[in-house]
């Protein structure tokens with residue numbers, strides 16, 4: 302019933318949301334682009350005029366750039382693999398009928414409600430502290446030398462913290478997908494002679510394809526910009542400096558807004574490259 | 356070979372006994388239909404035979420081998436599900452190939468069997484499509500194809516036609532019957548539709564609340580139902596069951612007469628009533644007659660040409676040799 306009248310009314314009513322969304326996105330984007338072509342040092346003379354592509358060249362030629370890109374991709378990739386693999390396993394587990402199912406499901410989802418800063422602090426102080434952390438006690442109990450997680454295995458530690466936060470999200474989406482699987486299909490496969498692992502590979506996993514694609518895409522968007530977990534744990538030291546963190550350092554620690562803005566533009570490009578790759582790999586699942 | 360023998364098989368879900376111990380033998384090559392109202396345990400019984408549910412007590416033998424604890428895949432049975440249960444992400448060819456792939460059948464043999472099954476089921480042009488691109492009837496045939504290629508000891512059908520429209524259902528009924536004539540394999544078919552049971556079966560098993568009420572050929576059940584339940588369940592429209600004074604005259608609690616065994620007259624007869632709804636099917640007309648003592652309304656089948664309408668006075672006379680008599684427990688009296 303989309304008459305001409307109702308269509309224009311609909312446009313009018315959507316306008317505030319669209320304007321707000323565009324403003325939210327376009328203003329920072331334009332400002333980032335604007336500053337990226339300027340030499341702008343707030344504490345050392347302010348706006349020092351246009352410099353062309355100087356900032357872009359300097360940002361890329363910095364020795365910290367490529368390692369930061371690699372770190373970003375490692376963290377994103379690591380977290381995606383861990384959350385999807387364990388998410389599928391947990392979803393299958395939670396889909397089994399068991400006593401206290403509702404309560405267990407709430408427990409599993411709980412980490413998602415903890416703020417990134419808080420969860421990173423909890424991990425850092427309660428679990429990973431080499432002197433009084435729980436893991437240190439565990440190691441000592443077995444007579445081993447406690448691991449200094451955040452300095453010896455810094456990248457793995459951060460992947461672990463972030464995976465812990467995002468696992469509930471993946472589990473939740475995959476669980477709903479598993480619940481929509483027709484049980485007769487599994488029974489048919491069982492009659493057809495497929496053992497449990499084959500049934501998982503040929504029936505369950507293809508059924509989850511679309512949900513996995515959604516999990517990968519949504520998580521990638523958020524994981525490319527993780528910041529709090531790094532800020533409160535390693536502060537970018539021990540090889541955990543992601544692109545986001547490098548930009549933060551350029552803008553706030555070096556007080557070089559122009560250089561940081563150029564980094565921001567690179568971050569946009571990186572995000573798009575990753576997104577295109579992901580869409581190519583998993584996006585075709587979404588069409589089915 | 357596919358003789359299936361159930362001995363003292365029972366099934367409980369928690370405290371509920373859905374199938375009390377029952378015995379049943381299905382001969383090799385026989386087309387057996389389990390029929391009964393919803394929730395009578397007929398699908399559960401099929402799933403027990405398939406091995407998809409564990410039996411609580413008793414034993415199941417297939418071809419003389421005890422298969423009670425044999426997993427479903429090793430029983431040599433193929434099942435066609437109500438929802439067809441096709442694998443949506445696989446093409447028709449891969450769907451049909453799946454059981455052979457799991458069994459490790461060589462590729463050439465797979466291709467040969469797929470081609471034969473597709474030929475038999477008119478699926479040759481659709482082999483590379485996905486199930487989502489097929490109509491209901493085609494999906495049904497793919498499900499049957501997937502069962503055929505396994506060359507099973509017996510086929511199990513779980514209400515396979517209930518998702519099809521009426522015209523298609525009649526067509527598929529014929530196709531399944533023809534398939535049975537051609538393959539001569541044991542088939543067990545579950546349905547709640549007594550027409551499907553009557554038209555397809557060599558042997559009908561009527562179930563109620565998990566208990567076998569009667570086993571016999573379609574005409575056996577039609578002519579000599581062993582109790583009121585079977586009498587009312589087999590035959591369409593349902594048998595008229597008359598209680599009270601009329602039954603007393605025959606010395607029993609209930610008498611039954613099928614709608615097709617009542618003679619109609621406008622002038623004289625044993626019973627008298629008023630025509631209510633008249634269902635004109637063309638060839639026949641079903642009259643629902645009100646005012647007959649002990650059975651209201653009584654259904655009567657008359658010739659489609661007979662000029663009757665709502666409100667007409669009418670006289671009825673049952674054919675005495677077609678009368679069924681049942682005692683106070685509902686059991687047949689001869």
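Chains as they are written, first to last, in my numbering: chain A, 302 to 589; chain B, 356 to 689.
Ideal Cβ positions, reconstructed from N, Cα and C, are used throughout, including at glycine.
Interface flag, residue i vs chain A, CB-CB below 8 Å
{"i": "residue 544 of chain B", "result": "no"}
{"i": "residue 490 of chain B", "result": "no"}
{"i": "residue 454 of chain B", "result": "yes"}
{"i": "residue 594 of chain B", "result": "no"}
{"i": "residue 481 of chain B", "result": "no"}
{"i": "residue 678 of chain B", "result": "no"}
{"i": "residue 436 of chain B", "result": "yes"}
{"i": "residue 462 of chain B", "result": "no"}
{"i": "residue 662 of chain B", "result": "no"}
{"i": "residue 433 of chain B", "result": "yes"}
{"i": "residue 427 of chain B", "result": "yes"}
{"i": "residue 407 of chain B", "result": "yes"}
Sequence-distant residues of the same chain with beta carbon closer than 6 Å to residue i, five excluded per side
{"i": "residue 379 of chain A", "result": "460"}
{"i": "residue 468 of chain B", "result": "504"}
{"i": "residue 565 of chain A", "result": "333 and 548"}
Residues near residue i by beta carbon distance below 8 Å, same chain, minus five either side
{"i": "residue 646 of chain B", "result": "627, 628 and 629"}
{"i": "residue 550 of chain B", "result": "591"}
Rounded separation between residue i and residue j - CA only
{"i": "residue 428 of chain B", "j": "residue 495 of chain A", "result": "8 Å"}
{"i": "residue 432 of chain A", "j": "residue 364 of chain A", "result": "34 Å"}
{"i": "residue 575 of chain A", "j": "residue 527 of chain A", "result": "15 Å"}
{"i": "residue 418 of chain B", "j": "residue 478 of chain A", "result": "41 Å"}
{"i": "residue 453 of chain A", "j": "residue 434 of chain A", "result": "15 Å"}
{"i": "residue 653 of chain B", "j": "residue 641 of chain B", "result": "10 Å"}
{"i": "residue 398 of chain B", "j": "residue 432 of chain B", "result": "15 Å"}
{"i": "residue 522 of chain A", "j": "residue 572 of chain A", "result": "8 Å"}
{"i": "residue 674 of chain B", "j": "residue 568 of chain B", "result": "26 Å"}
{"i": "residue 347 of chain B", "j": "residue 572 of chain B", "result": "With chain B covering 356 to 689 only, the question about residue 347 of chain B has no answer from this structure."}
{"i": "residue 462 of chain A", "j": "residue 325 of chain A", "result": "30 Å"}
{"i": "residue 591 of chain B", "j": "residue 613 of chain B", "result": "9 Å"}
{"i": "residue 442 of chain A", "j": "residue 436 of chain A", "result": "10 Å"}
8 Å Cβ cutoff met for residue i and residue j
{"i": "residue 543 of chain A", "j": "residue 369 of chain A", "result": "yes"}
{"i": "residue 547 of chain A", "j": "residue 359 of chain A", "result": "no"}
{"i": "residue 404 of chain A", "j": "residue 469 of chain A", "result": "no"}
{"i": "residue 570 of chain B", "j": "residue 560 of chain B", "result": "yes"}
{"i": "residue 446 of chain B", "j": "residue 483 of chain B", "result": "yes"}
{"i": "residue 464 of chain A", "j": "residue 541 of chain A", "result": "no"}
{"i": "residue 593 of chain B", "j": "residue 633 of chain B", "result": "no"}
{"i": "residue 357 of chain A", "j": "residue 558 of chain A", "result": "no"}
{"i": "residue 363 of chain B", "j": "residue 411 of chain B", "result": "no"}
{"i": "residue 499 of chain A", "j": "residue 434 of chain B", "result": "no"}
{"i": "residue 378 of chain B", "j": "residue 358 of chain B", "result": "no"}
{"i": "residue 542 of chain B", "j": "residue 509 of chain B", "result": "yes"}
{"i": "residue 524 of chain A", "j": "residue 376 of chain A", "result": "yes"}
{"i": "residue 649 of chain B", "j": "residue 597 of chain B", "result": "yes"}
{"i": "residue 681 of chain B", "j": "residue 607 of chain B", "result": "yes"}
{"i": "residue 396 of chain B", "j": "residue 374 of chain B", "result": "yes"}
{"i": "residue 538 of chain B", "j": "residue 492 of chain B", "result": "no"}
{"i": "residue 392 of chain A", "j": "residue 475 of chain A", "result": "yes"}
{"i": "residue 616 of chain B", "j": "residue 677 of chain B", "result": "yes"}
CB contact check: residue i to chain B, cutoff 8 Å
{"i": "residue 576 of chain A", "result": "no"}
{"i": "residue 582 of chain A", "result": "no"}
{"i": "residue 494 of chain A", "result": "yes"}
{"i": "residue 554 of chain A", "result": "no"}
{"i": "residue 397 of chain A", "result": "no"}
{"i": "residue 489 of chain A", "result": "yes"}
{"i": "residue 513 of chain A", "result": "no"}
{"i": "residue 402 of chain A", "result": "no"}
{"i": "residue 479 of chain A", "result": "no"}
{"i": "residue 520 of chain A", "result": "no"}
{"i": "residue 507 of chain A", "result": "yes"}
Other residues of its chain near residue i: CB distance less than 7 Å, five sequence neighbours each side excluded
{"i": "residue 472 of chain B", "result": "451, 500, 503 and 504"}
{"i": "residue 425 of chain A", "result": "451, 533 and 534"}
{"i": "residue 387 of chain A", "result": "468"}
{"i": "residue 582 of chain A", "result": "none"}
Residue i Cβ short of 7 Å to the ligand ADP heavy atom set
{"i": "residue 581 of chain B", "result": "Ligands displayed in this structure: none; no statement on the ligand ADP is therefore possible."}
Report task. Indicate whether the contact test is met: 3 or more Cβ pairs, each with one atom in the segment 505 to 520 of chain A and one in the segment 323 to 342 of chain A, closer than 8 Å. Result -> no
Query raised in the report: Counting Cβ pairs, one atom from each stretch, are 3 or more of them under 8 Å apart for the segment 612 to 628 of chain B and the segment 666 to 683 of chain B?
Result: yes
Query raised in the report: With a cut-off of 8 Å, do at least 3 Cβ pairs link the segment 532 to 542 of chain B to the segment 451 to 460 of chain B?
Result: no
Requested in this report: Could you tell me whether the segment 535 to 548 of chain B touches the segment 377 to 392 of chain B, using the rule of 3 or more Cβ pairs below 8 Å?
Outcome: Three or more beta-carbon pairs separated by less than 8 Å link the segment 535 to 548 of chain B to the segment 377 to 392 of chain B, which places the two stretches in contact.
Query raised in the report: Touch check for the segment 487 to 497 of chain B and the segment 435 to 446 of chain B: three-plus C-beta pairs under 8 Å?
Result: yes
Report task. May I ask you to verify whether the segment 511 to 519 of chain A touches the segment 394 to 411 of chain A, counting CB pairs closer than 8 Å and requiring at least 3? Result -> no
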